[in-house]
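Below: the structure, in structure tokens.
Residue numbers (the numbering used here): 37 to 144.
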């Protein structure tokens, strides 16, 4: 609709007359607009943005990044940074792994 109107120069008086005389146009008050905005927020629930990345997922991702960097001739410095981050992720992953106890295999 704006594209159609952009070819014509409308004055403020013409716009005001159009808004006042249009029977299909319902005036919205501030509360109505706020309610509509609140309703639209409820329709689209926000995703959980606090989801953490697991250490093993990080290791796999760094493996992929390093492979991509080597295939695309990325600078050695950047590849070394990725390898250092991968090593850190591996260490953190190893710290999380707990040894299985033999008693875990026996049922009570």
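Backbone N, C-alpha and C define an ideal beta-carbon position, used for all residues, glycine too.
Measure the alpha-carbon distance for residue 130 versus residue 105 and round it to whole angstroms. For residue 130 and residue 105, the distance between alpha carbons rounds to 25 Å.
Taking contact to mean at least 3 C-beta pairs separated by less than 8 Å, is the region 117-130 in contact with the region 89-109? Yes, since at least three Cβ pairs between the region 117-130 and the region 89-109 fall closer than 8 Å, the two stretches touch.
What span of residues does the alpha helix (DSSP H) with residue 135 cover, start to end? Looking at the DSSP string, residue 135 is not in any alpha helix (DSSP H), and its letter there is neither H nor E.
Among the candidates 110, 127, 115 and 111, whose CA atom is the shortest distance from the CA of residue 95? Looking at the Cα atoms, 127 is the closest of the given residues.
My guess is that residue 91 and residue 134 are in contact by the Cβ rule of under 8 Å, so how many angstroms apart are they, rounded? Between the beta-carbon of residue 91 and that of residue 134 there is about 13 Å, and that puts the pair past the 8 Å contact cut.
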